[in-house]
Structure formats: structure tokens, C-alpha cells
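As they're listed, the protein sequences go chains A and B. Quick note: the first sequence uses my numbering, first residue 2, plus one each step. Quick note: the second sequence uses my numbering, first residue 12, plus one each step. Quick notes on the structure that follows.
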Amino acid sequence: MDISAIAECRADRESRQVIVAELPAVELNQRLAGIGILVQIGPFIVRIRSRIEGFAGLLQRFYANFPVIPAPAIADFHVQLERPQNIRHWLRPQALFLLDGQSPFLPYPLSHAFPLFEWGLNWGIAMQAHQYLMLHSAVVERSGRVMLLPAWPGCGKSTLCAALVNRGWRLFSDEFGLVRSMDGHLIPLPRPLPLKNRSIEVIRHFAPEAELGPTFHKTRKGTVAHLVPPVFSVTQSNVSAPPAWLVFPRYRANAPLHLAPTPKQQAFLKLANNSFNYRLLGLRGFKGVTRLVRDCKCYILTYGNLGEATDALNRLTES
Amino acid sequence: MTATKYKGSHNEEILLTALCNPAETVTFTMEDWDLLLRLARRTRLLGRLAACVDELGLMEKIPEKAADHFTAASAFVDQRQQTARWEINWILKAHEDMNVPIILLKGCAYILAGLPPARGRLLSDVDLLVPRDALDRVEQALKADGWEFVKLENYDQHYYRTWMHELPPLRHPDRGMEVDIHHTISPLTSRLSPDTEELFRNSIAFDNSRLRILHPVDMTLHATVHLFHDGEFINGLRDLVDLADLLAHFGDLPGFWQQLVERAQAQRLGRPLFYMLRYTQRFLDATIPEGVLKSLCSDEPSWPVLRLMDVLVSWTLIPNHPDYPRRVTALAKWLLYVRSHWLRMPPGLLLRHLLRKQYMRWKNHRSTTMAQAGGG
């Protein structure tokens, strides 16, 4: 092999985007313990550091296909998971979440380091990313158009989102509807999708092929298991899309399927009240929500059966 | 006082360059930006930088990510400022039928009077000064309209009412903004006793309103006292930026500098004024007329004290690199905290207060960790 071939080979590696899965375990561990790795998660660059054993493995599993960004770059979030230095750590090992060196929460049990990372990053985004209108909503895409499923916790939004993602929809987010002010497009933020308590079994049954990670018991939100975000959703995460459907879902055990249009003024109020930063953005928030409600067909959905619900939503997009 | 430009570490240089010369940020590398955004956020100056960069029309010339952070920070600052204006309207409405003059202090004064420190300034609460004889009526009127004391331990209530210069913080349950009602600008226990009546006499009224702001000289001195006498240095750099702005803005008023020195010396505030001028000049390139510093010679502390202050202030003012926090910074902060309390109250009371605070911190820590252990 001559010199130019070696140079070309290096250039090839440098120009091609490296993903988290491609980092050798030793290198990943070293970098997490040292300067950290920069991971592109949706529109954000997150710098992640941790010396917690086992965290690297979970990160690599859930964020396998996410691009690793070469330094130097501006990181939107500097995240660190560490074991707090106190006497308790001998008795009851704990994990502490740090956002740019400061810890907004009390420590979690050490075994919950990964859910803590997910929850902490959500918190950071909600507190900081006011360049977007942030709706509290699951967001999925099909044939270039976005469906928003805004709901309060407990309405089955994550479960429905997981079900749709396993029926061909592209995952934008199960939590954040990020609206870009410039054109009203939704910005993808695919992440591991947390399923809680009974939803875990429901999704295992509904989509046996879905890849779920380990189950975390007795977390702040009960038992949690994360769905690994589909490869396609991750590789397409730089492709935004305009909103087309606004569906307010509500799960009720054994309830018959009911999907009906809802007046836009009601949709407006529901959406605005369910936003992370509608009030904070003032006029920009008002304009954002108005535009979105105008551009969308608005529905309410009550369901007791996940299969019926996904079929009905699929039909919506075909009509 | 030495006039040589202060030279510090890389993070100091990045942050101070951006604050003093926002136009220079267009030459920053990605690493510089990453660090600058972190330092500015930590010192609550991100919104301020955003306003300065935007004012110069440079938003298109900086990295897109930096512009995103600036947009987000500006939205946050705007909302806090608007909330403060709204809160002040509600406060005026609560006192509609009372003829009580209200002086806006600190951030609120800058914002409502449109003074330069208002640019991108993050507000944490609404600070107002009312005449002492009207304090009870003001408190009753606010409570009647729904304001409540932010939940405090009995000791804290006692601390505020007996020893400090303000009511315990109030908050309306419909809105999040904290309201601090002061009746003098220095604690009752402090060795200083500013003449509050004179502050009211010199204050300046807004058109058609009971709202007032302090006279420029008093406003500057008040911010100085807050930072270099009895304040706690929590947002030290932000407060120093306020002062540099005030000096630049009021410096052209006829007689400003002379009155500033005279009034400070008459109120035995020469020392804090000396520190303020020294550090605005050193860190933020403030322009101070030659004669002003000379006239404060007698207020300059002895050489060892001055060196100690220099070190403590520079450690505390500029945050560490977020990835490499230093323990000495925490020590410097603690020393300045103790110093501010020392200036605020007599030694016996100080000892009692600090012990009490430490005990309560310990107790709170115990109860939260135990609650967590129980619930976790």
C-alpha cells in the first residue's frame, strides 16, 4: 500500500460520520471518563461524560446509530453522570445528574443511571431550548407529514407513539414537539422511548419484534423500560416536516374506539396549555400555536385497544 | 490604584472580552464559543451578551448554535422583564387609593426607566422601597389582594422583620414573581444608617405615576453597597456589569462624579465606592476620571487588605472553567459571605445567625435525604 492510499483511507474515515455503535468499547469508556463524547441527538449536540460502570454499554445500545460529532463544537448540553462523593456511597450507591457542572436533582440509585440521564436531558431541553416552541406531545411522521399527539402523562401518549412507530411511522419524539419559528416545521428529536408499568407488556405483545432495553424497577415513575429508537428514525433525524394532524389521545380500559374532529378553538387551548414554553414565548408562542392549529386537522381519540387506534390513525392519513 | 489592564486566565479573557467588546466575538473559535456560552449562562449574563451582539447586528455572523442559545436566552429574559412590569402594575393597583410613593430598586428601576443595564438583564425578583411609616399599610394592602409570604421558617420571618431592611419576600399565588418590599436600603443592624427620607426627597418621579427611581448618584451608590458592602456576591459579575453601565451612562451628567464621592463619604461609603470603581475599571474597562480616584485615597484599604480583596473578588467574580471547578472558589465565596454578614450585623448577632443557619441547613439536609430514603 502506498502513501496516497493510506492518506485516502484516513480521509474517508474523517469525512464519514462515525456513529456511537462504531466506537470500540475501550475507547468509548475512556472518552466518557475523560473529555466525553459529543452525540448529535436531534438538533442538539450533547456532551456526555460518565465514569459509572455499565452506563457506556446502555448508551451504546440505545444511541447506537446516533452520530458522534468531532470536537471542537458547541455543545448544547454538557451532561455528566457521576457517583456523589459522600459517606452514603458506601452504603447505598447513587448516581448524580449534572448539567454543566450543576445538579438540579437529588441523586438516584446507581442502577437507575440511564433513566436518570434520559430524564435529566429532558429537563435540560425543557428549561433551555426556547429557540423552539416546545409542545408536550408525541410526534410521528408518515409520507412527509407530521402527526402530533399532545397529552398529559397517563393518557397513553408514549404507548400509542411506540405502537405507531412499530407500524411504519417515523419517530420524531414521544415527549417534545419542537416547532421551528421560521417555517412552523416540526424538528425530529428521536430518543429512547420510555414505557411505563403495564405499557411494557402491552408493547411486547403488540410488537414482539420491538427492541426493549432492561427493565428498571421502582423508579420515580414506577417500572420503566425503554424502546430502542428505530434506525430509520435516527438516520433521518435531520429531516424536518410540516404538521398535518393534531390528535388528542386518551386511553380508557375497554373503551370503544372513538375518533372525532374537534373544534380548532378547543384544540388551540389544549395545545397552548400543554406546552413547555407557550407563556414564556409570548407573541411567538401565540403565533406558533395558531399556525399549527390552522395547518392541522384536529381530532380527539378515545381508545381501549391499541390495534384499533393505530388502524384508525393510519386511515386518517390515507383519506 | 493601578491602571494596568488586568490579565487573567483563559476563561476570564473569553468572558470579559465578550462583555467589554461584543464585536470581537465574531473572531471566536468554536471552542471559545462553547466556553463563553457556559460561562455566560453560569453568571446569568447570556441574555446580556445576546442583547449586545444583536444590537451590533452580528447575529448572522456568529455560529448558528450560538445564535440559537442567544435567541432562547432573550426569550427567557423578555418574559421575566414583562412579568416584572405586570407585577408592578398589580402592586400599583393594590395601592390605588393610598398615596404612597414607591421607589423601584435595582433591575426593575433599570427596566422601567429604560437604563442601559436593562439590556438583556435577567430579573430574579421585584425590589421596591417604601417609606417606613407606610410599610404596614403596604403589607396589608398586598395581603388583602392575595399576596402571601413565601413559606419561611419562623426564624427566617424573625430575621427579616427584626434585623433586616425588608419584609420577608411576598408572592402572589397566581404569578411566580417574588416581591421584596424594603423600607431602607441597608439592614437595621448594619453600622451604616443611610437617610431614607433624603433618598425619597432626591428620587425622580415617572410621569403620571407614584413610581419613582433613585437619584442617579443614590442609584449608583445603592448598587455599590449591595455588591461591595452587605451583598452576598451571588451574581457578582452581573451586578458589576450593571454598575459599569450606570457609570458610563450617568458619567456625563454635570457634577455626577463629584456628588458620587461626596455623598459616599458623607454616608461612610467611601470604601465600597473605592472597591466598585477599582473593579469596574479592572474587569470591565470602565472609564473613571482621574481626579475621582485621587479624592478616594483616604478610603483605600491597607495594602494587605487590598491584595486579599483583589484575590477574593477575582476568584468569586469569574466562574471557574465548568469542567475544572476549584475548591478555593468555594472558600473565597464563603469568606465574602461572612464578610458581608460581618458588615451587616454586630459580632454577637452574626455568630448566632451563622450557627442557626448552619443548624437549619444540616436539619434540612437530614430531612430531605431521609424523605428520599423513605420514598426512594
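By construction, the Cβ of each residue, glycine as well, lies at the ideal position given by its N, Cα and C atoms.
Which residue from the options puts its Cα closest to that of residue i?
i      : options                           : result
A/S104 : A/W124, A/R316, A/I70 and A/P68   : A/W124
A/S174 : A/I42, A/H206 and A/A114          : A/I42
A/T291 : A/V140, A/Q267, A/A211 and A/A313 : A/Q267
A/Q129 : B/P127, B/H194, B/G302 and B/T82  : B/T82
A/V235 : A/R192, A/A245 and A/I201         : A/R192
A/R171 : A/P189, A/P154 and A/C156         : A/P189
B/L57  : B/L30, B/Q276, B/M230 and B/R367  : B/L30
A/F207 : A/V232, A/P250, A/W246 and A/C162 : A/C162
A/Y252 : A/L24, A/G102 and A/I301          : A/I301
A/E23  : A/A34, A/V40 and A/C297           : A/V40
A/R52  : A/A152, A/F233, A/F63 and A/A34   : A/A34
B/L248 : B/K344, B/R363 and B/F39          : B/K344
B/D147 : B/I192, B/I114 and B/R130         : B/I192
A/A254 : A/Q132, A/S200 and A/N306         : A/N306
A/L293 : A/D184, A/A226 and A/E202         : A/D184
A/L270 : A/A256, A/L258, A/G286 and A/E176 : A/G286
B/R52  : B/N246, B/V161 and B/E159         : B/N246
A/L92  : A/Y304, A/R84 and A/L99           : A/R84
B/L295 : B/G266, B/N32 and B/R96           : B/N32
B/L181 : B/I196, B/I73 and B/D156          : B/D156
B/S20  : B/A341, B/E177, B/L342 and B/I329 : B/I329
B/Q269 : B/E301, B/R143 and B/H106         : B/E301
In chain B, what lies closer than 7 Å to residue i by C-beta?
i      : result
A/A130 : A83
Contact criterion: CB-CB distance below 8 Å. Does residue i meet it with respect to chain A?
i      : result
B/T340 : no
B/M41  : yes
B/T200 : Because the pLDDT at B/T200 is just 49, under 50, the model does not fix this residue reliably, and the value given afterwards should be weighed accordingly. Closer than 8 Å: no.
B/R182 : no
B/H233 : no
B/P300 : no
B/Q278 : no
B/P127 : no
B/S20  : no
B/P112 : no
B/P333 : yes
B/P336 : yes
Using a Cβ-Cβ distance under 8 Å, would residue i count as near chain B?
i      : result
A/L282 : yes
A/P73  : yes
A/Q18  : no
If the cut is a Cβ gap below 8 Å, which residues of chain A does residue i touch?
i     : result
B/F87 : H131 and L281
B/R49 : H79 and D101
B/Q90 : R280, L281, L282 and G283
Residue i and residue j look like a contact to me (Cβ under 8 Å); what is the Cβ gap, rounded to whole Å?
i      : j      : result
A/L111 : A/S159 : That belief does not hold up - the Cβ atoms of A/L111 and A/S159 are roughly 25 Å apart, past 8 Å.
A/L82  : A/A114 : 5 Å
B/T291 : B/A234 : Not quite, the Cβ-Cβ distance comes to about 11 Å (not below 8 Å), so this is no contact.
B/P283 : B/H240 : 4 Å
B/L257 : B/L238 : That belief does not hold up - the Cβ atoms of B/L257 and B/L238 are roughly 12 Å apart, past 8 Å.
B/L133 : B/V88  : 5 Å
A/Q18  : A/P68  : 5 Å
A/L136 : A/N275 : 7 Å
B/V272 : B/V303 : 6 Å
How would you list, in chain order, the residues of chain B whose beta-carbon sits under 8 Å from the beta-carbon of residue i?
i     : result
A/A76 : D45
Taking Cβ-Cβ distances shorter than 7 Å, what residues in chain A pair up with residue i?
i     : result
B/P33 : Ordered by position in chain A, no residue passes the 7 Å Cβ test against B/P33, which lies about 17 Å from the chain.
At a CB-CB cut-off below 9 Å, which residues of chain E make contact with residue i?
i     : result
B/Q93 : The question asks about chain E, but that chain is absent: this structure's protein chains are A and B.
Inset, instruction - Please list the residues of the segment 61 to 78 of chain B that have a C-beta atom closer than 8 Å to any C-beta atom in chain A, keeping them in chain order. - result: Listed by position, the residues of the segment 61 to 78 of chain B near chain A (Cβ gap below 8 Å) are P74, K76 and A77.
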